[in-house]
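Have a look at the structure below before the remarks.
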Amino acid sequence: MAYTGRFSTPEPARDMIDALPGITAVEFGTAWCPHCISAQSPLQQALDARPDITHVKVEDGRGRPLGRSFRVKLWPTVVLMREGVEVARMIRPRSAEDVQRGLALLDSAAA
């Protein structure tokens, strides 16, 4: 599953995210956040090239349980998980290179 431009509604539960098989990129942000908007093109380029990664896009905000369970403080934050375990995190990726560095951390964790 490649990049998705739509936020998950309703917000998925943490146990559902933890139970996803394989590699998952959980992106936290909002539709109005300028940092989130500018990160979409590099995220889309990188994730479209990686069909092995499931992309879950979550609208975050004060008091939202999923974002709090991952201790998200800045948007966008992309949590990279393998078999339900966090292996890397990208905070405010600004370029395709930032995203590639994050994915390289994911790949090196598998080695």
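For the sequence shown, the positions run 28 to 138 when the numbering used here is used.
Every residue gets a Cβ at the ideal spot worked out from N, C-alpha and C, and that includes glycine.
Where residue 87 falls, given that 16 or more other Cβ within 10 Å makes a residue buried: In the sequence shown, counting from the first residue as 1, residue 87 sits at position 60. By the 10 Å Cβ count, residue 87 comes out buried.
8 Å contact criterion, which residue 83 and residue 53 should meet: CB distance rounded: If you number the sequence shown from 1, residue 83 lands on position 56. If you number the sequence shown from 1, residue 53 lands on position 26. Between residue 53 and residue 83 the Cβ distance is about 5 Å, and since that is below 8 Å, they are a contact.
C-beta contact flag for residue 126 and residue 47 at 9 Å: Residue numbering aside, residue 126 sits at position 99 when the sequence shown is read from its first letter. Residue numbering aside, residue 47 sits at position 20 when the sequence shown is read from its first letter. Their beta carbons are not under 9 Å apart, which means residue 126 does not touch residue 47 by this criterion.
Length of the line joining the Cα atoms of residue 32 and residue 56: Locating residue 32 in the sequence shown gives position 5, counting from the first residue. Locating residue 56 in the sequence shown gives position 29, counting from the first residue. Their Cα atoms are separated by approximately 12 Å.
Coil, strand or helix - residue 124 by DSSP: Residue mapping note: residue 124 aligns to position 97 of the sequence shown, counting from 1. Of the three classes helix, strand and coil, the one that applies to residue 124 here is helix, per DSSP.
Residue 109, DSSP secondary structure in three states: Taking the sequence shown and counting its residues from 1, one reaches residue 109 at position 82. Three-state result, residue 109: strand.
Endpoints, beta strand (DSSP E) assigned at residue 56: The residue given as residue 56 occupies position 29 in the sequence shown. Run containing residue 56: 50-56, per the beta strand (DSSP E) assignment.
Those residues which DSSP pairs with residue 118 across a bridge: Reading the sequence shown from its first residue, position 91 is the one you call residue 118. Residue 118 is bridged to 104.
Residue 47 CB to nearest heavy atom of the ligand ADP below 8 Å: By its list of ligands, the structure shown contains no ligand whatsoever, and the ligand ADP lies outside what it can speak to.
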